[in-house]
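Novice:
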Amino acid sequence: MRISVNDKSQRSLLEIHIVYNSELIREFFFSRRGLWHYIVTFCLVVLLLPYTAALQAILPRYYAGLPLYPALLFFSYLSLRLSLPWVLILALPAGLMLDTLQFQALGSNVFLLGACVFILSLAKPALSAVKQQYMQAIFACALATSTLLSLQLIFFAGALSLIERLALLPRYLLLAFALNALAAGPLLFAVLDLLQKPKKPRGT
Amino acid sequence: MSKLSSKIFYFLAFLLLLALLFFLPEGRQQRLRELLALASSPAKTLAEIGARVSREALGGLPENFSLEERDALLQDLAQTRIELHAAQNDSERLRQDNITLQTLLRLQRSPKTHTLIVCRVLRRYPLSDYYGSILIDRGHSDGLKPGHAVLSPEGLVGIVAQTTAKESQVTLVGSPRLSLSCKLAKKNIAALIHGPARAANSSADLFLPPQDMLLDSLSGDDFDSVNEGDWVLTSSLGSENLLDDIPIGRVSASETDNAGAKRYQVHPAAGLENLRYVLVAIP
Chain Z
269 MRISVNDKSQ RSLLEIHIVY NSELIREFFF SRRGLWHYIV TFCLVVLLLP
319 YTAALQAILP RYYAGLPLYP ALLFFSYLSL RLSLPWVLIL ALPAGLMLDT
369 LQFQALGSNV FLLGACVFIL SLAKPALSAV KQQYMQAIFA CALATSTLLS
419 LQLIFFAGAL SLIERLALLP RYLLLAFALN ALAAGPLLFA VLDLLQKPKK
469 PRGT
Chain S
97 MSKLSSKIFY FLAFLLLLAL LFFLPEGRQQ RLRELLALAS SPAKTLAEIG
147 ARVSREALGG LPENFSLEER DALLQDLAQT RIELHAAQND SERLRQDNIT
197 LQTLLRLQRS PKTHTLIVCR VLRRYPLSDY YGSILIDRGH SDGLKPGHAV
247 LSPEGLVGIV AQTTAKESQV TLVGSPRLSL SCKLAKKNIA ALIHGPARAA
297 NSSADLFLPP QDMLLDSLSG DDFDSVNEGD WVLTSSLGSE NLLDDIPIGR
347 VSASETDNAG AKRYQVHPAA GLENLRYVLV AIP
């Protein structure tokens, strides 16, 4: 398309050429690698962030003693897929919701989630080098779970002595690893990758 | 800026923002909590439905009971509830008979009864108001009213300040907002006791436990015979809400104010450091 502005003697004062690639535009609006990728990511975050936070808060009432952390697993996934500033910004509302639902001081779960996200971001290059997606999920969830439990035992274990805290560590760590890193984490990663990651074009 | 240093920078900025949350005033924190509770209620409802359905699918109870065990437990619970109701009716009837007989005999003093309710501490503000207030998990639907005494096995911990249906705010004895009437044990002295003199919104309360309480405005025949070590007890002055004779603390020191009146420092009997459960005395 060509737009031009001419003077009285038909000399071109201004010319604008618009070139569009219909294939690329169609791919941007109608394929999974284009706009839909961002829409799906946005919807996933908006829906899953409060849901996983609420689930993590209310699960102990129905399954007492079960160390399952849906919000932590969701943020482990986000840490590997999004950049650190975005995930830290998302950790604020999620952590605040957890604090409100668990009647804790505002900021406690924000700190826990933010610290886990930071540790995962530091380990991201090493995790990205792992070729199998399920192994990546297992390592990421294991790292996040161990970070969360360590911080909980250090900062939020109340009046327990050091020996009592160390005595709690093996039991909680083993069960939490089994649930979060080996079972729930890879399953969540697989489901979210299925929804969010665009398919590779054929032939590549 | 390298990738590592930029990540550390973002995390430090995040921690700085987090520090602001810890130092928010109490009113702002409360509004934020209410907003977050409203925003998370749909997600909470959905999560509860999912958890309840999965729990039922797995047999019903958190302790992994079978259906027969659950039914037997529910039956026992119903039976116990019926027996409790019958026992309460008998107790009430006996109490009414007692009152009637006392009236007939023209007895001046009727024994005061009270109920102790165990409450769990839901929240304390770690930095801004640690020794000033707590939130407990009972409210006016459980019979609590502002002015009820909150105590631990050692003595008075605070006074119920505000109630909602299911929660209550308690002003602790370490708060400068606390003032109540009291008396000295075995002496004919009435007085007023106040919380430690400190700015209401001072931060870092966690690191600096409150000073002793102040006792002043003494009245009674023996008002000048207060000694160190005397026990200070609550005095209702006829109020229906505050229970009498709960230990508040012991007189630790005395001083004279500008007008020449004596006032005393009272060391609280109950510790405020590790409060997980408290008792509320309902007269």
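Line by line, the protein sequences give chains Z and S.
This note's numbering numbers the first residue of the first sequence as 269 and each following residue consecutively.
This note's numbering numbers the first residue of the second sequence as 97 and each following residue consecutively.
Built from N, CA and C at the ideal position, the CB exists for glycine as well.
1. For residue 312 of chain S, list the residues DSSP reports as bridge partners.
2. Please name the residues in the stretch 210-227 of chain S whose beta-carbon is closer than 7 Å to at least one beta-carbon of chain Z, in chain order.
3. Classify residue 265 of chain S: buried if its beta carbon has 16 or more other beta carbons within 10 angstroms, exposed otherwise.
4. Using the three-state DSSP reduction, which class does residue 369 of chain S fall into: helix, strand or coil?
5. Could you have a look at residue 351 of chain Z and say whether DSSP puts it in helix, strand or coil?
6. Only counting the same chain, and skipping five residues up and downstream in sequence, which positions put a Cβ closer than 8 Å to that of residue 329 of chain S?
7. Specify whether the stretch 354-366 of chain Z and the stretch 380-397 of chain Z touch according to this definition: at least 3 beta carbon pairs, one from each stretch, less than 8 Å apart.
8. Hey, quick one: how far does the alpha helix (DSSP H) through residue 274 of chain Z stretch, first residue to last?
9. In whole angstroms, give me the CA-to-CA distance for residue 417 of chain Z and residue 120 of chain S.
10. Can at least three beta-carbon pairs, one atom from the stretch 369-377 of chain Z and one from the stretch 320-329 of chain Z, be found at a separation below 8 Å?
11. Got a sec? Which residues, its chain only, sit under 6 Å from residue 326 of chain S by beta carbon, not counting five neighbours each side?
12. Strictly under 8 Å for the Cβ-Cβ distance: is residue 106 of chain S near chain Z by that measure?
13. Identify, in the order they occur along the chain, each residue of the same chain with its Cβ nearer than 7 Å to the Cβ of residue 335 of chain Z, setting aside the five sequence neighbours on each side.
14. Which residues bound the alpha helix (DSSP H) around residue 345 of chain S?
15. Within the continuous beta strand (DSSP E) that includes residue 133 of chain S, where are the two ends?
16. Are the C-beta of residue 413 of chain Z and some C-beta of chain S separated by less than 8 Å?
17. State the start and end residues of the unbroken alpha helix (DSSP H) segment that holds residue 291 of chain Z.
18. Taking CB distances under 8 Å as the criterion, tell me whether residue 129 of chain S reaches chain Z.
19. Along chain S, in chain order, which residues have C-beta atoms closer than 7 Å to that of residue 368 of chain Z?
20. I want to verify the contact list: residues of chain Z whose CB lies under 7 Å from the CB of residue 144 of chain S, in sequence order.
21. Evaluate residue 473 of chain Z with the Cβ neighbour count: other Cβ atoms within 10 Å of its Cβ, from every protein chain shown; 16 or more gives buried, anything less gives exposed.
22. Using CA coordinates, which residue listed in S:182, S:181, S:180, S:209 is at the minimum distance from residue 194 of chain S?
23. Give the DSSP-derived three-state secondary structure of residue 389 of chain Z in the structure shown.
24. So what's residue 213 of chain S in DSSP terms, helix, strand or just coil?
25. Which value, in whole angstroms, describes the spacing of the CA atoms of residue 148 of chain S and residue 319 of chain Z?
26. One question on the structure: do residue 296 of chain Z and residue 303 of chain Z come within less than 8 Å of each other, judged by their Cβ atoms?
27. Short check: CB of residue 273 of chain S to CB of residue 251 of chain S, under 8 Å?
28. Just the chain S side, please: which residues come within less than 9 Å of residue 339 of chain Z by C-beta, in chain order?
29. Should residue 374 of chain Z be flagged as near chain S, meaning a C-beta pair shorter than 8 Å?
30. Exposed or buried, which one is residue 360 of chain S when buried takes at least 16 other CB atoms within 10 Å?
31. Using the C-alpha atoms, what's the distance from residue 122 of chain S back to residue 299 of chain S?
32. Hey, is residue 382 of chain Z's beta-carbon within less than 8 Å of any beta-carbon in chain S?
33. Taking the straight line between their C-alpha atoms, what separation do you get for residue 306 of chain Z and residue 407 of chain Z?
34. With 16 as the cutoff for other CB atoms within 10 Å, does residue 435 of chain Z come out buried or exposed?
35. With a cut-off of 8 Å, do at least 3 Cβ pairs link the stretch 286-295 of chain Z to the stretch 336-343 of chain Z?
36. Run the CB neighbour count on residue 284 of chain S, radius 10 Å, all protein chains shown included, and call it buried at 16 or more, exposed below.
Specialist: Once the coordinates are examined:
1. Counting from one through the second sequence, the residue named residue 312 of chain S turns up at place 216. BP columns for residue 312 of chain S point to S:288.
2. The residues in question are 218, 219, 221, 222.
3. Within the second sequence, the letter at position 169 stands for residue 265 of chain S. Around the beta carbon of residue 265 of chain S, a 10 Å sphere encloses 16 or more other beta carbons of the protein chains shown; the residue is thus reported as buried.
4. Translated into the one-based positions of the second sequence, residue 369 of chain S becomes position 273. Three-state result, residue 369 of chain S: coil.
5. Translated into the one-based positions of the first sequence, residue 351 of chain Z becomes position 83. Note: residue 351 of chain Z maps to coil in three-state DSSP.
6. Stepping through the second sequence from its first residue, residue 329 of chain S is reached at position 233. If we look at residue 329 of chain S and ignore the five residues flanking it on each side, its Cβ neighbours are 278, 279, 280, 281, 340, 341, 342, 343, 344.
7. In short, these stretches touch, since the Cβ pair count reaches three.
8. The sequence position of residue 274 of chain Z within the first sequence is 6, counting from 1. Taken as a continuous stretch (DSSP letters only), residue 274 of chain Z belongs to no alpha helix (DSSP H), being part of the beta strand (DSSP E) at 270-274.
9. On the first sequence, residue 417 of chain Z is found 149 positions in, with the first residue counted as 1. On the second sequence, residue 120 of chain S is found 24 positions in, with the first residue counted as 1. The alpha-carbon of residue 417 of chain Z is positioned some 27 Å away from that of residue 120 of chain S.
10. Counting C-beta pairs with one atom in each stretch, the stretch 369-377 of chain Z and the stretch 320-329 of chain Z have three or more that are closer than 8 Å, which means they touch.
11. Translated into positions along the second sequence, residue 326 of chain S becomes position 230. Here the set comprises 280, 347.
12. By one-based count along the second sequence, residue 106 of chain S stands at place 10. At least one chain Z Cβ lies under 8 Å of residue 106 of chain S.
13. Counting from one through the first sequence, the residue named residue 335 of chain Z turns up at place 67. The residues are 440, 443, 444, 447.
14. The sequence position of residue 345 of chain S within the second sequence is 249, counting from 1. For residue 345 of chain S, no alpha helix (DSSP H) run applies; the uninterrupted beta strand (DSSP E) run containing it begins and ends at 343-352, by DSSP.
15. To locate residue 133 of chain S, count along the second sequence from 1; it is residue 37. Not the beta strand (DSSP E): residue 133 of chain S falls in the alpha helix (DSSP H), residues 122-153.
16. Stepping through the first sequence from its first residue, residue 413 of chain Z is reached at position 145. Taking 8 Å as the threshold, the shortest C-beta distance from residue 413 of chain Z to chain S does not fall below it.
17. Position 23 of the first sequence, counted from the first residue, corresponds to residue 291 of chain Z. Counting along the chain, residue 291 of chain Z sits inside the alpha helix (DSSP H) bounded by residues 290-298.
18. As a position in the second sequence, residue 129 of chain S is number 33, starting the count at 1. Taking Cβ atoms only, chain Z reaches closer than 8 Å to residue 129 of chain S, which makes this a yes.
19. Position 100 of the first sequence, counted from the first residue, corresponds to residue 368 of chain Z. By Cβ distance, chain S contributes 129, 132, 133, 136.
20. Position 48 of the second sequence, counted from the start, is the residue given in the question as residue 144 of chain S. When 7 Å is used as the limit between beta carbons, residue 144 of chain S is near these residues of chain Z: 326, in chain order.
21. Since the first residue of chain Z shown is 269 and the last is 472, residue 473 of chain Z is not available in this structure.
22. For the purposes of this step, residue 194 of chain S is identified with residue 98 of the second sequence, where counting begins at 1. Looking only at S:182, S:181, S:180, S:209, the smallest Cα-Cα distance to residue 194 of chain S is reached by S:209.
23. Numbered from 1 along the first sequence, position 121 holds the residue referred to as residue 389 of chain Z. Helix.
24. Your numbering for residue 213 of chain S matches position 117 in the second sequence. DSSP places residue 213 of chain S in strand when its eight states are reduced to three.
25. For the purposes of this step, residue 148 of chain S is taken as the residue at position 52 of the second sequence. For the purposes of this step, residue 319 of chain Z is taken as the residue at position 51 of the first sequence. Their Cα atoms are separated by approximately 15 Å.
26. For the purposes of this step, residue 296 of chain Z is taken as residue 28 along the first sequence, with counting starting at 1. For the purposes of this step, residue 303 of chain Z is taken as residue 35 along the first sequence, with counting starting at 1. Yes, these two residues count as a Cβ contact at 8 Å.
27. Taking the second sequence and counting its residues from 1, the one referred to as residue 273 of chain S is at position 177. Taking the second sequence and counting its residues from 1, the one referred to as residue 251 of chain S is at position 155. No, Cβ-Cβ distance for residue 273 of chain S and residue 251 of chain S is not below 8 Å.
28. Here residue 339 of chain Z corresponds to residue number 71 of the first sequence, with the count starting at 1. Here the premise fails: no neighbours, minimum Cβ distance about 11 Å.
29. For the purposes of this step, residue 374 of chain Z is taken as the residue at position 106 of the first sequence. Yes, residue 374 of chain Z lies at the interface with chain S (some Cβ there is under 8 Å from its Cβ).
30. Mapped onto the second sequence, residue 360 of chain S falls at position 264. By the 10 Å Cβ count, residue 360 of chain S comes out buried.
31. Position 203 of the second sequence holds residue 299 of chain S. Position 26 of the second sequence holds residue 122 of chain S. Reliability of the predicted coordinates at residue 299 of chain S is poor, the pLDDT of 49 falling under 50, and the value obtained from them is presented with this limitation in mind. Approximately 11 Å between the Cα atoms of the pair.
32. Position 114 of the first sequence, counting from 1, holds the residue named residue 382 of chain Z. It does; some Cβ of chain S falls within 8 Å.
33. Within the first sequence, the letter at position 38 stands for residue 306 of chain Z. Within the first sequence, the letter at position 139 stands for residue 407 of chain Z. Between residue 306 of chain Z and residue 407 of chain Z, the C-alpha separation is close to 26 Å.
34. For the purposes of this step, residue 435 of chain Z is taken as residue 167 along the first sequence, with counting starting at 1. Counting C-beta atoms within 10 angstroms of its own C-beta, residue 435 of chain Z has fewer than 16 neighbours from the protein chains shown and is therefore classed as exposed.
35. Counting C-beta pairs with one atom in each stretch, the stretch 286-295 of chain Z and the stretch 336-343 of chain Z have fewer than three that are closer than 8 Å, which means they do not touch.
36. Counted from its first residue, the second sequence places residue 284 of chain S at position 188. Result: exposed.
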